[in-house]
Amino acid sequence: MTNAAPLADVLRQSIIDGDFAPGSRLSEAALAERLDVSRNTLREAFRVLAEQGLIEHVPHRGVSVASPSMADVVDIYRARRVIECAALRQAEPEHPAVELMRAAVDEAETHLTGTDWRLIGSANMAFHDAIVALADSPRLARTYRDVAAELRLAFLEIDDPRALHEPFVRKNRAVLDAFLQHGPDAAADELEKYLIRSERTVLGAFARMGRI
1 MTNAAPLADV LRQSIIDGDF APGSRLSEAA LAERLDVSRN TLREAFRVLA EQGLIEHVPH
61 RGVSVASPSM ADVVDIYRAR RVIECAALRQ AEPEHPAVEL MRAAVDEAET HLTGTDWRLI
121 GSANMAFHDA IVALADSPRL ARTYRDVAAE LRLAFLEIDD PRALHEPFVR KNRAVLDAFL
181 QHGPDAAADE LEKYLIRSER TVLGAFARMG RI
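So in full-length UniProt numbering, the last one in the sequence shown is 212, and the numbering has no gaps at all.
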């Protein structure tokens with residue numbers, strides 16, 4: 001692996017999967033050896049990830065995985081409301097992404113009796129990816145991908161994944177039902193209320209951890 005773009009994708013997936021904890025230092029020497037890449041290639045991948053908000057260069061400490069602040073969370077949800085609610089409001093019921101929304105909700109519901117909240121979290125993000133896909137805009141999808149990745153970092157900071165994910169499986173179903181039964185505007189209104197509640201949940205968790 002020598003190209004910085006695929007390398008950045010690999011590192012990005014590792015970060016949002018929780019292989020590197022938010023705030024943890026990324027050793028350039030160790031990662032270059034582990035991934036069998038040059039340091040120059042790794043530095044370019046770091047540059048890409050920094051632009052996506054997933055890592056940060058800390059003076060005298062090197063490169064670390066980003067650790068979102070409460071202000072970051074507020075901005076992430078601001079972007080989510082703009083992107084997702086607009087995509088849903090102008091969507092057509094026959095759009096192929098509606099089936100992706102349905103599949104993601106079904107997938108999450110099958111895991112509710114288990115304890116692997118990472119699977120439910122992934123299904124939840126797939127549902128929201130599908131909402132953005134309703135817009136048929138590769139540029140919006142790329143923008144949302146970066147926003148969602150930063151959100152996953154915030155989720156990784158929270159030590160109660162059940163409280164974080166379980167209520168929103170039902171909320172996803174409510175958004176989908178509103179879309180199918182009452183149309184895009186009703187679904188967008190439902191989604192906006194949902195995102196406001198989700199934001200408050202994350203901010204509340206950060207506050208209890210003493211994060212600012």
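Heads up, the beta-carbon is just placed ideally off N, CA and C, and yes, glycines get one too. Please read all numbers here as calculations on a predicted model, not as lab measurements.
For H60, the secondary structure class from DSSP, reduced to helix, strand or coil, is coil. 8 angstroms or more divides the Cβ of L54 from the Cβ of I83.
In the three-state DSSP reduction, I196 falls in the helix class (H, G or I). Looking from the CA of I212, the closest CA among F155, S67, R162 belongs to S67. For R25, the secondary structure class from DSSP, reduced to helix, strand or coil, is strand. Residue nearest to A108 within the set S122, A91, E99 is S122 (criterion: CA-CA distance). For the alpha helix (DSSP H) assignment, the uninterrupted runs of no fewer than 4 residues enclosed by the region 30-82 are, from N- to C-terminal side, 39-51.
Taking each of S38, E150, N172, R39 in turn and checking the Cα distance to F127, the smallest one comes out for N172. Looking at D106, D72, V169, V202, the one whose alpha-carbon comes closest to that of F155 is V202. Taking a contact to require three or more Cβ pairs closer than 8 angstroms, the region 31-44 and the region 70-89 do not qualify as touching. Within the region 93-165, complete alpha helix (DSSP H) segments of at least 4 residues are found at 97-110, 117-133, 138-156, given in chain order. A45 has its alpha-carbon roughly 39 angstroms from the corresponding atom of A174. The region 158-170 and the region 18-32 do not touch, with fewer than three beta-carbon pairs separated by less than 8 angstroms.
A104 places its beta carbon 8 angstroms or farther from that of A86.
Ranked by Cα distance from A8, the first of R139, D146, T115 is D146.
Of all alpha-carbon atoms in P6, L35, V73, D189, the one lying nearest the alpha-carbon of V48 is that of P6. In terms of Cβ geometry, A141 and A149 do not form a close pair [threshold 8 angstroms].
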